[in-house]
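Peer 1: Below is a structure I'd like to ask you about.
Numbering (the working numbering), first residue to last: 964 to 1220.
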């Protein structure tokens, strides 16, 4: 029976993989499930280890994973995924609905900013920004340019947290409403500025910085504090510093006192 289950799982994976979001590793699967992803299939070469991880790190999902995850032989897992994650688990999920994302981005009043990445060029940085945005409770992450923010490498770097915030690629004319605050070395010291909850926070690409178009659209330019002769920060670091200055999500009463 187990051999039949493994064979069926491998066939279903190959059929569903085109167009699906690959969740690479336990943490990506955990986050996706916690934030309502439609996970169609999960496979592992060591189900006992996956359930042990769940018992240690995600007790709320142990029974869900027990029912969802199918064990397949290690060679089959290596054949299904490009590179096997150290936690030996991978899953396929349905990409978050674009219409729902756009509605969430456009909804007013907005209680947290939208991060705008202007023509990002590094998928790992892009995913790291999504992870930050999800952690800070940002409304979403919008990208411009030709890079798909749902590329497998970005989802991998985001640890499955694309499902925790609205991630979309948009042209500047289609940006959600709100004042555009752009990060630029010639801007006002960010420490002197209060960032409103409905702001769009724009960051330039790793290679070329902020485009002239977004710089010209900005209601205000903000500069991060930086020691002289240091040229720049990593993109994810800049986003983290800016979101921290904004203030982050309200404390969860269940986790206080």
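Think of the CB as a built atom: it goes at the ideal place given N, C-alpha and C, for glycine as much as any other residue.
State yes or no: is the C-beta of residue 1058 within less than 8 Å of the C-beta of residue 1113?
Peer 2: Contact flag set, yes.
Peer 1: Report back the beta-carbon spacing between residue 1150 and residue 1185 to the nearest angstrom; my notes put them in contact at under 8 Å.
Peer 2: About 5 Å; that satisfies the 8 Å criterion.
Peer 1: Within 10 angstroms of its Cβ, does residue 1171 collect 16 or more other Cβ (buried), or is it exposed?
Peer 2: It counts as exposed.
Peer 1: At 3 residues or longer, and completely inside the stretch 1051-1093: list those beta strand (DSSP E) runs for me, N to C.
Peer 2: Counting whole runs of 3 or more residues, the stretch 1051-1093 contains the beta strand (DSSP E) stretches 1052-1056 and 1077-1080.
Peer 1: Below 8 Å between beta carbons: does that hold for residue 913 and residue 1069?
Peer 2: Residue 913 falls outside the range modelled here, since the chain spans only 964 to 1220, and no answer is possible.
Peer 1: If we ignore side chains and look at the alpha-carbon of each, how far apart do residue 982 and residue 1154 end up?
Peer 2: Rounded to whole angstroms, residue 982 to residue 1154 spans 43 Å at the Cα level.
Peer 1: Write down every uninterrupted run of the beta strand (DSSP E) in the stretch 1147-1199 whose length is 3 residues or greater and which is fully enclosed by it, in chain order.
Peer 2: If we require 3 residues or more, the beta strand (DSSP E) runs fully inside the stretch 1147-1199 come out as 1163-1166 and 1183-1186.
Peer 1: If we count Cβ pairs, one from each stretch, closer than 8 Å, do we get three or more for the stretch 1124-1137 versus the stretch 1105-1112?
Peer 2: At 8 Å Cβ cutoff, the stretches touch.
Peer 1: Per DSSP, what kind of secondary structure is residue 1218 in: helix, strand or coil?
Peer 2: Because residue 1218 carries a pLDDT of 47, less than 50, the predicted location of this residue cannot be relied on, and the following value inherits that uncertainty. In this structure, residue 1218 counts as helix in the three-state DSSP scheme.
Peer 1: Check this for me: beta carbons of residue 1124 and residue 1144, under 8 Å apart or not?
Peer 2: Against a cut-off of 8 Å, the Cβ pair of residue 1144 and residue 1124 comes out as no contact.
Peer 1: Could you tell me whether the Cβ of residue 1051 comes closer than 8 Å to any Cβ of chain C?
Peer 2: Given the protein chain composition of this structure (a single chain), no chain C is represented.
Peer 1: So for residue 1030, helix, strand or coil by DSSP?
Peer 2: Three-state DSSP puts residue 1030 in a helix.
Peer 1: Which one of 1203, 1026, 1167 and 999 has the shortest CA to CA distance from residue 1060?
Peer 2: Checked all of 1203, 1026, 1167 and 999; the closest Cα to residue 1060 is 999.
Peer 1: Going straight from the alpha carbon of residue 1116 to that of residue 980, what length do you get?
Peer 2: Near 15 Å, if we compare the C-alpha coordinates of residue 980 and residue 1116.
Peer 1: If you drop the 5 nearest sequence neighbours on each side, which residues of the same chain put their C-beta closer than 6 Å to that of residue 1044?
Peer 2: Within the same chain, residue 1044 has close Cβ partners 1053.
Peer 1: From the DSSP secondary-structure annotation, give me the bridge partner or partners of residue 1007.
Peer 2: In DSSP, residue 1007 forms a bridge with 1034 and 1052.
Peer 1: May I ask you to report which of helix, strand or coil DSSP gives residue 1106?
Peer 2: Reduced to three states, the DSSP call for residue 1106 is strand.
Peer 1: Please report the distance separating the alpha-carbon of residue 1033 from that of residue 970.
Peer 2: If I take the Cα positions, the gap works out to 10 Å.
Peer 1: Count the other C-beta atoms from every protein chain shown that fall within 10 angstroms of the C-beta of residue 1066, then say buried if there are 16 or more, exposed otherwise.
Peer 2: Exposed.
Peer 1: Please state whether the Cβ-Cβ distance between residue 990 and residue 1126 is less than 8 Å.
Peer 2: No. Outside cutoff.
Peer 1: Ordered along the chain, which non-local residues of its own chain (more than five positions away) have a Cβ less than 6 Å from that of residue 968?
Peer 2: Taken in chain order, the residues that qualify are 1033.
Peer 1: Reducing DSSP to helix, strand and coil, say where residue 1122 ends up.
Peer 2: Three-state DSSP puts residue 1122 in coil, outside helix and strand.
Peer 1: Under 7 Å Cβ to Cβ from residue 1209, same chain only, skipping five residues before and after it: list those, please.
Peer 2: Taken in chain order, the residues that qualify are 1076 and 1158.
Peer 1: Less than 8 Å between the beta carbons of residue 1091 and residue 1199, yes or no?
Peer 2: Yes, these two residues count as a Cβ contact at 8 Å.
Peer 1: Hey, would you say residue 1015 sits closer than 8 Å to residue 1081, going by beta carbons?
Peer 2: No, they are not a contact pair.
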